[in-house]
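Q:
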Amino acid sequence: MLRRPRPPLWVCLLLLPLPLPLPHLGAAGDRGDARRWEEADEPGSAWAWRGLRRLQERLRTAGALSRRYWALFSCRVWPDDCEEREAAAAGPPGWSLPLLGQQYLDILTTWYCSFQGCCDSGDCRISNNVTGLELDLRERLHGQHVAQKLVLTTVRGYLETPQPDKALGLSFHGWSGTGKNFVARMLAENLYRDGLRSDCVRMFIATLHFPHPKYVDEYKDLLTSQIWKTKQLCHQTLFIFDEAEKLHLGLLEVLGPHLEPRAPEGHRARHPRTIFLFLSNLGGSIINEVVLKLLKAGWSREEITMEQLEPHLQAELVKTTDSGFGHSQLVKKNLIDLFVPFLPLEYRHVRLCARDAFLSQGLLHTEAVLDEIARMMVYVPKEEQLFSSQGCKSVSQRINYFLP
Ligand SMILES: *[C@@H]1O[C@H](CO)[C@@H](O)[C@H](O)[C@H]1NC(C)=O
């Protein structure tokens, strides 16, 4: 088992001067203390010696108390070493932690744990809740049986690999509104305590973060330094690139080295894990075409497999000329581990999205209202009217029309 990180010296220093012991030292009951302290200050008086003795005694008790606080604090933060520390810093007989001290201890523990590791995983910021991810993919993602299974097995496998020799690269493809962003957020939320706001997670949106091609050199430096910084902060990181089809080729090439397999690094205590997610609408149309063809040939949607879609998707990526993605080293050198197709959504899926939107806001709905919302979407192709052209996008806003 990994040993938890030791506190830096400054944390110890910060703890020692806790001003708590003094107010309750007199709890044993010597009233009139203040007066005698004043008397002790009179030079040459008989009280002086007794005053000094008393002061020494107090300091000793205060010291023991600080050690006691330290022991309690470290027990909370590093429970592994608790027993030895407890024994080493046993308090004076009959000693109990005053209420105020207890509160200080809580505040201090919360504060320390907010930036340091106090959890079983060794780092509280990383939650790796695979059960939660499985549940979310099953319950909250609609119409994506292929993505659901692929994402879960791949991510779970990667997190369970003791010494991964490369970063995991996943590329999500599909029309807008099919759930690519939704799944990216599920990953962030289940793998990290603070989700997308985590120190360990960075999301880049091509048109927002890298809008002007003429600044590509600055963007490259920026991106490289952000990736290094995040990796230094965290031993498990997640980088999300939204609108990956709009990323400049130069930026994609900067990512190459981060996705290449690493040489084995011997027995390091911690092997860093990195997940790269690329979200794009590349190949969305070819996925739709293949799905439509299969449905018309009598297949049920749930029978459609990755094997039927992947070759078309790959061929389409390489063929596309208005995006650098398919021509980057990431694709050419097989640095992307998995291409995940998101299927076009049908009427019944849009209905489910509408139902979820009502439920998530704690609002009541009727079946008729769900139908009305689903009917508001535009369905394509013209003839079959099978797929929602916007997927589930903006469904949650549409429920507003039906609120009393
Ligand atoms: C994992 O997620 C599930 C579902 O969201 C939740 O009920 C459970 O408490 C989580 N487990 C941990 C250890 O956070």
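In case it helps, full-length UniProt numbering puts the sequence shown at residues 1 to 404.
Cβ coordinates follow ideal geometry from the N, Cα and C atoms, glycine included.
Keep in mind that this is a model prediction, so the values were computed, not measured.
1. Taking the beta carbon of Q397 as the centre, do at least 16 other beta carbons fall within 10 Å, making it buried, or is it exposed?
2. Bridge partners for P341 per DSSP, in chain order?
3. Can you look up S280 in the DSSP assignment and give me helix, strand or coil?
4. Would you tell me roughly how many angstroms separate the C-alpha atoms of K393 and L292, rounded to the nearest one?
5. For ligand 1, which residues count as neighbours when the test is a C-beta closer than 6 Å to any heavy atom?
6. Closer than 8 Å by C-beta to E346: which residues in its own chain qualify, once you throw out the five before and the five after it? Chain order, please.
7. Pull up the CB-CB distance for L363 and G169, whole angstroms please, since I reckon it's below 8 Å.
8. What is the rounded straight-line gap between the Cα of V395 and the Cα of T178?
9. Does the contact criterion of 3 or more C-beta pairs under 8 Å hold for the stretch 271-279 versus the stretch 244-262?
10. How close, in whole Å, do the beta carbons of Y192 and R125 come, if the pair is a contact with beta carbons under 8 Å?
11. Rounded to whole angstroms, what's the CA-CA distance from L159 to N190? Just pull it up for me.
12. How would you label N334, buried or exposed, when you count the other beta carbons within 10 angstroms and need 16 or more for buried?
13. If I follow the unbroken beta strand (DSSP E) through R262, where does it start and stop?
14. From what residue to what residue does the alpha helix (DSSP H) around Q308 run?
15. Please identify the residue among K149, F402, P341 whose C-alpha is closest to the C-alpha of residue 406.
16. My output table needs one value for Q390: the three-state DSSP class, helix, strand or coil.
17. Measure from the alpha carbon of residue 406 to the alpha carbon of each residue in T154, N288, F325, E372, then state which is nearest.
18. In this structure, how does DSSP classify M203 when only helix, strand and coil are distinguished?
19. Can you name, in chain order, every residue of its own chain whose Cβ lies under 8 Å from the Cβ of P93, other than the five neighbours on each side?
20. The alpha helix (DSSP H) with I240 in it runs from where to where?
21. Note down, in chain order, each residue of its chain lying with its Cβ closer than 6 Å to the Cβ of F402, except the 5 sequence neighbours on either side.
22. Pull up the distance between the alpha-carbon of D165 and that of D337, whole angstroms please.
23. What's the call for D298, buried or exposed, on a 16-neighbour Cβ count within 10 Å?
A: In short:
1. For the purposes of this step, residue 397 is taken as the residue at position 397 of the sequence shown. Counting Cβ neighbours within 10 Å, Q397 comes out exposed, since fewer than 16 surround it.
2. On the sequence shown, position 341 is the one that residue 341 refers to. According to DSSP, which records beta bridges pairwise, P341 is partnered with H173.
3. Here the question's residue 280 lines up with position 280 in the sequence shown. Looking at S280 - three-state DSSP - the assignment turns out to be strand.
4. On the sequence shown, position 393 is the one that residue 393 refers to. On the sequence shown, position 292 is the one that residue 292 refers to. Distance between the alpha carbons of K393 and L292: 21 Å.
5. S127, N129, T131, G132, L135
6. To locate residue 346, count along the sequence shown from 1; it is residue 346. G143, R301, L386, F387, S388, listed in sequence order.
7. Position 363 of the sequence shown, counted from the start, is the residue given in the question as residue 363. Position 169 of the sequence shown, counted from the start, is the residue given in the question as residue 169. The Cβ separation is near 39 Å, so there is no contact.
8. Reading the sequence shown from its first residue, position 395 is the one you call residue 395. Reading the sequence shown from its first residue, position 178 is the one you call residue 178. Answer to the nearest angstrom: the Cα atoms are 12 Å apart.
9. yes
10. On the sequence shown, position 192 is the one that residue 192 refers to. On the sequence shown, position 125 is the one that residue 125 refers to. Their Cβ separation, rounded to whole angstroms, is 6 Å, which keeps Y192 and R125 in contact under 8 Å.
11. Residue 159 sits at position 159 when you count from the first residue of the sequence shown. Residue 190 sits at position 190 when you count from the first residue of the sequence shown. If I take the Cα positions, the gap works out to 12 Å.
12. What you label residue 334 is simply residue 334 of the sequence shown in a count that begins at 1. That one is exposed.
13. Your numbering for residue 262 matches position 262 in the sequence shown. Neither: R262 is in no beta strand (DSSP E) and is coded neither H nor E.
14. Taking the first residue of the sequence shown as position 1, residue 308 is located at position 308. Residues 306-319.
15. Nothing about residue 406 can be read from this structure; the chain reaches only from 1 to 404.
16. Along the sequence shown, one-based indexing puts residue 390 at 390. In this structure, Q390 counts as coil in the three-state DSSP scheme.
17. This structure leaves residue 406 out entirely; the chain is present only between 1 and 404.
18. One-based indexing of the sequence shown puts residue 203 at position 203. Here M203 sits in strand by DSSP.
19. Position 93 of the sequence shown, counted from the start, is the residue given in the question as residue 93. Residue placement at P93 cannot be trusted, given a pLDDT of 46 that sits under 50; the coordinates are not used to answer.
20. Mapped onto the sequence shown, residue 240 falls at position 240. Not the alpha helix (DSSP H): I240 falls in the beta strand (DSSP E), residues 236-242.
21. One-based indexing of the sequence shown puts residue 402 at position 402. Taken in chain order, the residues that qualify are V369.
22. Start at 1 with the first residue of the sequence shown, and residue 165 comes out as number 165. Start at 1 with the first residue of the sequence shown, and residue 337 comes out as number 337. Answer to the nearest angstrom: the Cα atoms are 13 Å apart.
23. Position 298 of the sequence shown, counting from 1, holds the residue named residue 298. As written in the sequence, residue 298 is Gly, which differs from the Asp given in the question. By the neighbour-count rule (16 or more Cβ atoms within 10 Å), G298 is not buried but exposed.
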